[in-house]
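In terms of my numbering, the sequence shown opens at residue 88 and continues consecutively. A short worksheet on the structure shown next.
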Amino acid sequence: CIRDRSGPGRHQLAPGMTVTGRYLRALALLAAIALLSSCATNSYRPGTACTTAGFSITDNFEGARRGQCRVLSDDQVAIEITPESSGYINDSPWYAFKVEPNGADIARITVRYFGGHHRYWPKISGDGLTWYAMEDRYVRAADDRLTADIVVPLDGKPVWVSAHELITTGIYDAWGKKLARTSGFSPEVLGSSKGGLPIHVFDTNDAGRELLFLVGRQHPPEVSGAFAFFAFAETILGDGELAQRFRERFRIVAIPLLNPDGVVAGNWRHNLGHTDLNRDWGLFEQPETALIGKLLNRFDAEGSKIRMFIDFHSTRKNTFYT
């Protein structure tokens with residue numbers, strides 16, 4: 088909120104006018120109430136539609152993260168993007184919101200980052216499924232990357248804006264069903280996340296004793312890792328001759344989405360237990376990684392050996408850590 092910086096004692100009284108200390112205190116109290124009321128009507132918490140005279144910005148969908156939103160003018164707002172947990176967290180500032188027009192031709196959005204920097208070029212969508220990178224002329228980041236200004240053209244229809252394409256639990260479910268139809272391998276429920284969401288696994292052959300173990304999406308913003316997982320799994324579980332020969336020897340265990348809660352919440356990094364799941368291996372203190380621990384114990388008891396483990400992530404360049 089814009090506050091009056093003049094301070095007490097700087098307002099000029101008309102000649103001959105006198106006021107008492109009590110009267111001044113009453114005026115100060117009324118001014119404070121008016122100021123707070125003004126703030127309340129122009130600032131919107133996460134989960135509440137942020138409404139200007141020309142459009143609204145909502146965050147009522149899977150993967151959304153808009154943060155506190157403040158109306159600056161009829162066609163401009165400022166939003167605050169903060170991580171899900173206090174303390175150190177990787178600089179992966181996820182944002183996703185929907186702009187719903189109400190007469191405005193454009194929406195000007197200033198994104199302010201706390202605990203991170205502007206990293207992901209915004210993508211836009213008219214349906215939440217098909218995405219395009221925004222044109223350069225509509226995006227400008229500050230030199231320190233602590234803020235970014237985004238101009239969203241509006242054509243009377245809602246527009247989604249997101250750090251990356253929204254690959255949500257519904258898309259994973261649809262992909263799993265499609266893969267089951269084309270490959271014959273159906274996803275099974277391995278267990279539940281901390282928030283009670285199902286975690287699915289594909290398992291090609293319980294009798295196999297040599298394993299290829301695949302895991303994806305521990306970190307919600309790492310969407311390109313999800314695309315790589317999809318393509319890899321579709322190929323190795325497909326009906327190609329090489330894939331079939333591979334499966335004659337190797338059992339494939341594939342978990343596409345290990346952190347569904349983080350994906351749904353639009354988290355930068357963590358699960359609902361405020362934990363980076365990739366740092367919980369060996370400890371297995373979180374429900375999601377505990378499922379992995381149980382699998383490993385079962386593999387040991389069966390006499391199985393993991394010949395290769397691939398964990399699909401994303402980083403600033405294409406790389407394969409071995």
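Heads up, the beta-carbon is just placed ideally off N, CA and C, and yes, glycines get one too.
Test item: CB-CB of Val198 and Tyr182 under 8 Å: yes
So the candidates are Arg356, Lys281, Gly360, Lys381; which of them puts its Cα closest to the Cα of Gly203? Arg356
Own chain, CB closer than 6 Å to Gly353, minus 5 neighbours either side, in chain order: Gly150, Ala151, Arg152, Trp181, Ala183
Is the CB-CB distance between Asn189 and Ser143 below 8 Å? yes
Could you give the distance in angstroms between the alpha-carbon of Gly369 and the alpha-carbon of Arg394? 18 Å
On the premise that Thr269 lies in contact with Arg334, defined as a C-beta separation below 8 Å, what is that separation, rounded to the nearest angstrom? Wrong, their Cβ atoms sit about 14 Å apart, outside the cutoff.
Indicate the three-state DSSP secondary structure (helix, strand or coil) for Thr217 in the structure shown. coil
Where the alpha helix (DSSP H) through Gln155 begins and ends: Unbroken run through Gln155: none, as it is neither H nor E.
Work out the CA separation of Asn129 and Ala136 for me, nearest whole Å. 11 Å
I'd like to confirm the pairing. Which residues does DSSP put opposite Glu167 in its beta bridges? Arg199
Which two residues bound the contiguous beta strand (DSSP E) that contains Trp247? 246 to 249
Uninterrupted alpha helix (DSSP H) stretches inside the region 314 to 396 (no shorter than 4 residues): 328 to 336, 347 to 352, 374 to 389
If you follow the alpha helix (DSSP H) that Gly263 is in, where does it begin and where does it stop? 256 to 270
Do you know offhand how far Pro170's Cα is from Gly295's? 42 Å
Cα separation between Ser273 and Ala341? 11 Å
Along the beta strand (DSSP E) that carries Glu309, what are the first and last residues, could you check? Note, Glu309: premise wrong, no beta strand (DSSP E); not H, not E.
If we ignore side chains and look at the alpha-carbon of each, how far apart do Lys404 and Arg366 end up? 21 Å
Got a sec: is the Cβ-Cβ distance from Gly327 to anything in chain C below 8 Å? Among the chains in the structure shown there is no chain C, since it carries only a single protein chain.
Enumerate in chain order the residues of its own chain whose CB-to-CB distance from Lys281 is below 8 Å, with the five nearest sequence positions on each side excluded. Asp348, Asn358, Leu359, Gly360, Gln373, Pro374, Glu375
Below 8 Å, can you find three or more Cβ-Cβ pairs linking the region 294 to 309 to the region 260 to 269? no
According to the neighbour-count rule (16 or more other Cβ atoms, all chains shown, within 10 Å of its Cβ), is Leu329 buried or exposed? exposed
Are Tyr200 and His251 closer than 8 Å when you measure CB to CB? no
Taking the CB atoms as reference points, tell me whether Val164 and Ile196 lie closer together than 8 Å. yes
Work out the CA separation of Asp192 and Pro240 for me, nearest whole Å. 6 Å
Rounded to the nearest angstrom, what separates Ser125 and Asn346 at their Cα positions? Residue placement at Ser125 cannot be trusted, given a pLDDT of 44 that sits under 50; the coordinates are not used to answer.
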